[in-house]
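Before any comments, here is the structure.
There are 2 protein chains.
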Amino acid sequence: MPFPAKTDFDSILNAALEILERDGPEALSMRNLASALEMKAPSLYRHYPDKAALETALKMRGSELLQAALERAIRDQDPIQAMRKAANASLKFARAHPYLYDLMNAPGGAPSTGAAKKLWNTILELVGAVTGNPDDTASSVAFWAYLHGFCSLERTGMFGQSGPKGGFKIGLEALIAGFSSRQKPRKLSA
Amino acid sequence: MPFPAKTDFDSILNAALEILERDGPEALSMRNLASALEMKAPSLYRHYPDKAALETALKMRGSELLQAALERAIRDQDPIQAMRKAANASLKFARAHPYLYDLMNAPGGAPSTGAAKKLWNTILELVGAVTGNPDDTASSVAFWAYLHGFCSLERTGMFGQSGPKGGFKIGLEALIAGFSSRQKPRKLSA
DNA sequence: GTCTATAAATAGATAGAC
DNA sequence: GTCTATCTATTTATAGAC
Chain A
1 MPFPAKTDFD SILNAALEIL ERDGPEALSM RNLASALEMK APSLYRHYPD
51 KAALETALKM RGSELLQAAL ERAIRDQDPI QAMRKAANAS LKFARAHPYL
101 YDLMNAPGGA PSTGAAKKLW NTILELVGAV TGNPDDTASS VAFWAYLHGF
151 CSLERTGMFG QSGPKGGFKI GLEALIAGFS SRQKPRKLSA
Chain B
1 MPFPAKTDFD SILNAALEIL ERDGPEALSM RNLASALEMK APSLYRHYPD
51 KAALETALKM RGSELLQAAL ERAIRDQDPI QAMRKAANAS LKFARAHPYL
101 YDLMNAPGGA PSTGAAKKLW NTILELVGAV TGNPDDTASS VAFWAYLHGF
151 CSLERTGMFG QSGPKGGFKI GLEALIAGFS SRQKPRKLSA
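Residue numbers (the numbering used here), protein chains in the order written: chain A, 1 to 190; chain B, 1 to 190.
Below is the structure:
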């Protein structure tokens, strides 16, 4: 299609994503969004009942993008290497889409959409392949918490000028080692 | 009595903290804050130049509170147990002060205040005592990222009804094990 | 489906009286 | 230091014409 589709659900969503990623959440007003589409704000309400619906759609889109990035990153990798690739892909995603990443992780912002579930299932498979438990919620939570925490702190500016100084790899390897050691259970000293 | 001041810097800060923690960030307007102090909004500007200054002060207060909680938690503990206590204290803090925690970790919200530095130094000491390196930035970053990530995901609602299912302890112990193994340096591959 | 016009509410911040 | 009054700007959202 040489010409973009007429204004509809997806066109609005794409424009919203572009504004969000370029200018941040404060720039994402219905007026500004309509303006980018060469329309007036009230017209948007024919396609989205309210702004919350638009934001929900943006979160879903974010989950899809991240999930796709993870799938690409882990393809044809052995389990442990897949975790490393997934970790780096997550970090890359958060850096490339900071405002979208913020929105996806905003307080009270975890809708149980299909996209979010699919993303979570990808994590579960990834971690399960290392721990040997295909539904290892606990380890997956730990893995995801670490990745998100690092992305979030970096985004906050917590690392300052000095940067994270290799902290990402050290924590990641410690988690991988911990997960791997549980694959073939043996007595551990506490 | 000749016109005693109705309020001051700290009284305003305390009221702001109370509003933030009880009703969330949207309730923290200058009007609402003034009202809680039985004042009018313009009066607040004699004590804080603008709202950003108030928020900066709130972040500092948050850092102080968390730092104090960590200090209490780790007192008289051996290094590894101190990490466990600190981790639980952080989680407890984030749960007890969700909106303040959000504000402290808001994007672009890491002011280099004395309180924030003191907090970070506490983490460095804590982790350094385990790894044997008193200035182990990398390991500290990993530790902090994990704690924050878990708190943040829980806050977002990412764990849903099922809860994190023991993921906190598993990741924490994996990190501790990884840090401990580095205490007595030996040749590592990479 | 898009428009004009406007409702209804909110915010941060300032001027100047006392 | 606090007040009244107000400015300025913004937002989401709706009513009703076309």
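Idealized CB from N, CA, C, for every residue including glycine.
Computed from a prediction, not measured in an experiment: that's the story for all the values here.
- For a cut-off of 8 Å, the C-beta gap from A/PRO134 to A/THR56 is around 30 Å, too long to register as a contact.
- Contact annotation: in the segment 98-128 of chain B, residues whose CB is within less than 8 Å of a CB in chain A are PRO98, ASP102, ASN105, ALA106, PRO107, GLY108, GLY109, ALA110, SER112.
- In the structure shown, the three-state DSSP call for B/GLN77 is coil.
- Contact annotation for A/MET158 against chain B: ALA110 [CB-CB distance below 7 Å, chain order].
- Identification of chain A residues near B/SER152 by a Cβ-Cβ cut-off of 9 Å yields ASN105, PRO107, ALA145, HIS148, GLY149, SER152, ordered along the chain.
- Collapsing the DSSP output to three states places A/MET30 in a helix.
- Excluding its 5 nearest sequence neighbours in each direction, B/VAL127 has C-beta neighbours in its own chain below 6 Å: ASP136, SER139, SER140, PHE143, listed in chain order.
- Out of A/PRO79, A/ALA41, A/ARG72, the CA that lies nearest to the CA of A/PHE93 is found in A/ARG72.
- CA-CA distance, B/GLY149 to B/HIS97, rounds to 16 Å.
- For a cut-off of 8 Å, the C-beta gap from A/LEU20 to A/ALA34 is around 15 Å, too long to register as a contact.
- In this structure, A/LYS59 lies near A/LEU103, with their beta-carbon atoms less than 8 Å apart.
- Non-local C-beta neighbours of B/ARG61 in its own chain, meaning closer than 7 Å and more than five positions away in sequence, comprise LEU13, LEU17, ordered along the chain.
- According to the DSSP assignment, B/SER139 belongs to the alpha helix (DSSP H) that extends over 137-156.
- Chain A has no Cβ within less than 8 Å of the Cβ of B/PHE9.
- Put simply, the backbone Cα of A/GLN67 is about 37 Å away from that of B/GLU125.
- Around the Cβ of A/SER152, a 10 Å sphere holds 16 or more other Cβ atoms; the residue is buried.
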